[in-house]
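Enquirer: Numbering (this note's numbering), first residue to last: 135 to 390. The C-beta atom is built at its ideal place from N, Cα and C for all residues, glycine as well. Note that the coordinates shown come from a computational prediction; the quantities given were computed from them, not determined experimentally.
#1: With 16 as the cutoff for other CB atoms within 10 Å, does residue 311 come out buried or exposed?
#2: Does DSSP put residue 345 in a helix, in a strand, or in coil?
#3: Which same chain residues, not among the five before or five after residue 280, have their C-beta less than 8 Å away from its C-beta?
#4: Quick one: residues in its chain with C-beta nearer than 8 Å to the C-beta of residue 143, no 5 flanking neighbours on either side, listed in chain order?
#5: In this structure, how does DSSP classify residue 318 when only helix, strand and coil are distinguished?
#6: In whole angstroms, what separates the C-alpha of residue 340 from that of residue 324?
#7: Can you find the residues in the same chain that come closer than 6 Å, C-beta to C-beta, to residue 362, ignoring five residues on each side of it along the sequence?
#8: Determine the burial state of residue 245: buried for a count of at least 16 other Cβ atoms within 10 Å of its Cβ, exposed for fewer.
#9: Consult DSSP for residue 367 and reduce its assignment to one of helix, strand or coil.
#10: Tell me the rounded alpha-carbon separation between residue 282 and residue 233.
#11: Closer than 8 Å is the cut-off here; do at least three beta carbon pairs connect the segment 262-277 with the segment 201-210?
#12: Out of curiosity, what's the CA-to-CA distance linking residue 308 and residue 276?
#13: Mind checking which residues open and close the alpha helix (DSSP H) that includes residue 298?
#14: DSSP three-state call for residue 144: helix, strand or coil?
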């Protein structure tokens, strides 16, 4: 496999704080690549640089050999990159279906264009069918007409994922999708991620503290500490790395 996504020597400073210091990472197409490390290590900053909430002072970011930092921010999702967020911000007065339809418009605004009535009706019907398929894949179809704000925390996490999937991403950036979930819910997220990567070929970069999920699904793991790469390798190698155990995992997690 070849690298679909790459960061080269990325440095991001906020005043006197260096969130990323010459950080590099390659992610192979169709793989699940976990990015782990202590709070404040710079993990979410990586996502923010990719999605252009931040502009790094140094370095390059490539997607399918295309330099992303040369692209305007609104083009990122159109190129095939979607992300979820650590803190869920749903549009609480929209239904679950409407929330996923919002995700569809990021890719295909023509679904809701001012086309002639019959054409528009067909396009809207196709959009609803696609949204319902995504809701079925994420076990949310039974909540189709429920207001997003009325879902429990675990289902709101799934809705955030469903909304990201609606843009048909080739690269999916997931920021702590298992945070706060129960074991049964984590197992379901596990199965979804494996299916997305293995069956649909979506490349996934996963920021996560739940080691149960990381060690189960990741093909490769990169460890960040104070904005710098501490280690990188297969999950088994990361679990056995004494530097990682000392800085982040702890002995109990390493032997879990």
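Expert: Taking the structure as given:
#1: buried
#2: helix
#3: 229, 230
#4: 156, 157, 158, 192, 193, 194
#5: helix
#6: 11 Å
#7: 155
#8: Low confidence applies to residue 245: its pLDDT is 48, below 50, so where it sits in the model is not reliable, and the reading given next is rough at best. Per the 10 Å Cβ criterion, buried.
#9: strand
#10: 8 Å
#11: no
#12: 24 Å
#13: 287-299
#14: strand
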